[in-house]
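Residue numbers (UniProt numbering): 1 to 140.
By construction, the Cβ of each residue, glycine as well, lies at the ideal position given by its N, Cα and C atoms.
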């Protein structure tokens with residue numbers, strides 16, 4: 001009975017991982033996130049490096065989570081991976097927004113095309129301020 005339960009857990013774990021992984025890959029492929037991200041940063045020649053970094057990051061993150069690997073570093077060093085994660089999420093959100101043309105449509109409908117740069121900067125500064133407030137005030 002224990003063997004059947006363990007086999008079922010393994011099968012369900014693999015099936016769930018394949019489903020989530022396929023969904024993420026479909027998201028990146030259908031919306032052309034990586035090429036658009038390379039285009040936005042004007043580093044199109046390095047798009048292969050972006051793809052390899054995403055694959056390597058996914059594998060390392062999965063292995064670290066699966067085997068509960070952690071680095072015993074002082075708290076001051078947590079800003080480095082936090083910065084990389086924040087940059088990735090920010091660039092991914094920017095690429096997704098550009099792909100879906102949300103901001104130009106919003107600016108056009110609100111008659112704010114002249115203020116597009118200010119709108120973008122307000123969004124960025126609001127996100128950064130909110131994240132820092134959450135990090136320094138609520139996570140103490």
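Span separating the alpha-carbon of residue i from that of residue j
i           : j           : result
residue 69  : residue 43  : 33 Å
residue 127 : residue 14  : 36 Å
residue 67  : residue 61  : 10 Å
residue 91  : residue 124 : 11 Å
residue 24  : residue 131 : 25 Å
residue 94  : residue 118 : 15 Å
residue 28  : residue 59  : 17 Å
residue 81  : residue 122 : 25 Å
residue 57  : residue 113 : 37 Å
residue 116 : residue 108 : 9 Å
7 Å CB neighbourhood of residue i in its chain, flanking five on each side removed
i          : result
residue 47 : 34, 35, 38
Local conformation of residue i per DSSP, three classes
i           : result
residue 79  : helix
residue 48  : helix
residue 41  : coil
residue 134 : helix
residue 112 : coil
residue 69  : coil
residue 1   : coil
residue 104 : helix
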